[in-house]
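Undergrad: Structure provided below as structure tokens; questions to follow.
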Amino acid sequence: MMKCSSCLNEQDSGKFCGKCGAGLTETGNHPLPSAYTEVAAASQTVAPEPVNVNENVVKAKESVSKYWNYALQILKKPADALKNGESQFLNGIITIAIMVIASSLSIYFLANKYYKAMFGGLGSLLSEGGMGGQSLPFFNITSTLSLFALLFIVGALISVFVAAKFMLEGFTIKELLAQFGGVLVPFAALNVVAIVFGLMGSIQLTLILTGISLFYTIVVMPAIVVYDRAMKSGKSLNRIYWALGASAISVFITYLIIRISVMDFINEIDSLLNMGF
């Protein structure tokens with residue numbers, strides 16, 4: 031389309047206006063975009079946002095489910111733990127952590143229940159903030175108890191590692207954690223049950239369960255793991271002596287821990303319980 035710039039006459043062709051004779055200019059056909067086309071284009075360029083799924087929660091649920099199945103399998107056949115390879119070392123670490131935390135919680139809840147019972151009458155004579163309404167320091171006591179339990183287990187691990195080294199049938203760290211942590215699954219379960227009895231204030235059941243688990247962890251399990259290792263080696267080894275040696279090393283390390291640290295802690299707790307009498 032040609033358009034005259036003087037009189038604004040429009041005609042299809044020609045160089046000069048048919049009315050005034052002025053020069054013509056070509057007009058472009060550029061329609062303005064409508065609101066509909068703009069909205070349509072915008073809707074095409076904006077991609078739909080995916081639904082956010084918390085992957086960490088999903089992974090955590092899967093991990094818990096896998097460990098639960100693993101623990102049930104070991105509870106049914108504890109000897110399977112001695113077949114664990116390095117791939118199961120994470121389950122071994124989880125088992126050790128459960129045992130350490132559960133044992134400390136069971137003892138704390140038991141001690142705290144009797145602490146409140148001892149000072150309940152005295153607290154009623156005082157203000158609301160009296161000792162009868164207080165509890166034993168949770169973090170200080172549980173962290174210390176957890177440290178002691180962990181040291182006992184580490185001592186047992188060291189005894190197994192040393193005995194296997196001298197037999198020339200050494201473990202890798204991951205393999206040791208996988209097998210020794212695996213055989214502790216039943217005793218970790220005992221400590222979880224002991225938490226319930228600790229909350230109930232049952233001294234005998236709480237101490238029996240925690241005592242059994244610690245005894246087997248420190249004395250029996252090192253011997254079993256070393257003996258099994260010697261059996262599988264195919265060499266002519268004095269399996270009984272190596273197994274007993276591992277237990278002796280574990281007991282000696284435990285004795286040193288008790289002698290150096292545990293007795294002081296027990297004295298501190300005793301003085302705390304006797305405070306006010």
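Numbering (our numbering), first residue to last: 31 to 307. Just so it is clear, CB atoms sit at the ideal spot from N, CA and C, and this is done for glycine as well. Predicted model, so just to flag it, every value in this text is computed and none were measured.
1. Residues bridged to E40 by DSSP?
2. Mind checking which residues open and close the alpha helix (DSSP H) that includes Q209?
3. Buried or exposed: where does I290 fall if 16 or more other Cβ atoms within 10 Å of its Cβ makes it buried?
4. Nearest-angstrom Cα distance between L235 and A141?
5. Taking its Cβ as the centre, do 16 or more other Cβ atoms sit within 10 Å of Y285, making it buried, or is it exposed?
6. For G115, which residues from the same chain have a beta carbon less than 7 Å from its beta carbon, with the 5 sequence-adjacent residues on both sides left out?
7. Is there a C-beta anywhere in chain D that falls below 8 Å from the one on I225?
8. Just confirm the distance between the C-beta atoms of F191 and F201, as a whole number of angstroms; I'd bet it's less than 8 Å.
9. Can you tell me which of the three DSSP states K49 falls into?
10. Report the option in L274, L267, S277, K262 whose CA atom is closest to the CA atom of L112.
11. How far does the alpha helix (DSSP H) with R269 in it reach, from first residue to last?
12. From E92 to I288, what distance separates their C-alpha atoms?
13. Could you compute how far the alpha carbon of G275 sits from the alpha carbon of S189?
14. Using CA atoms only, rank isn't needed, just tell me which of L229, V223, S173, M230 is closest to G241.
15. Among residues of its own chain, excluding the 5 on either side of Y66, which ones have a beta-carbon nearer than 6 Å to its beta-carbon?
16. Going by C-alpha to C-alpha distance, which of I225, L177, A186, E199 sits closest to P252?
17. Measuring CB atoms only, is the stretch 120 to 135 touching the stretch 167 to 181, in the sense that at least three cross pairs come out at less than 8 Å?
18. Should G264 go down as buried or exposed, given a rule of 16 or more other Cβ atoms within 10 Å for buried?
19. Have a look at P216, V184, I233 and flag the residue whose alpha-carbon is nearest the alpha-carbon of L105.
20. Alpha helix (DSSP H) containing V88: first to last residue?
21. Below 8 Å on the Cβ atoms is my guess for F210 versus V255; work out the distance and round it to an integer in Å.
22. Just to confirm my understanding: we take A273, look at its own chain, exclude 5 residues before and 5 after, and list those with CB closer than 6 Å. What are they?
23. State the DSSP-derived secondary structure class of K262, mapped to helix, strand or coil.
24. Among residues of its own chain, excluding the 5 on either side of V292, which ones have a beta-carbon nearer than 8 Å to its beta-carbon?
TA: So, from the data block:
1. K33
2. Run containing Q209: 203 to 213, per the alpha helix (DSSP H) assignment.
3. Within a 10 Å sphere around the beta-carbon of I290 sit fewer than 16 other beta-carbons, which makes this residue exposed.
4. 13 Å
5. exposed
6. E205, A208
7. Protein chains in the displayed structure number just one, and chain D is not present.
8. 6 Å
9. coil
10. K262
11. 269 to 287
12. 39 Å
13. 8 Å
14. V223
15. Confidence at Y66 is low in this model, with a pLDDT of 49, below 50, so the placement of that residue should be treated as unreliable; the coordinate-derived value is given next. Taken in chain order, the list of residues that qualify is empty.
16. Closest option to P252, judged by alpha-carbon separation, among I225, L177, A186, E199: A186.
17. Taking a contact to require three or more Cβ pairs closer than 8 Å, the stretch 120 to 135 and the stretch 167 to 181 qualify as touching.
18. exposed
19. The closest CA to that of L105, considering only P216, V184, I233, is found on P216.
20. 85 to 106
21. That belief holds up - the Cβ atoms of F210 and V255 are roughly 6 Å apart, short of 8 Å.
22. A253, V256, Y257
23. Correct three-state label for K262: helix.
24. F178
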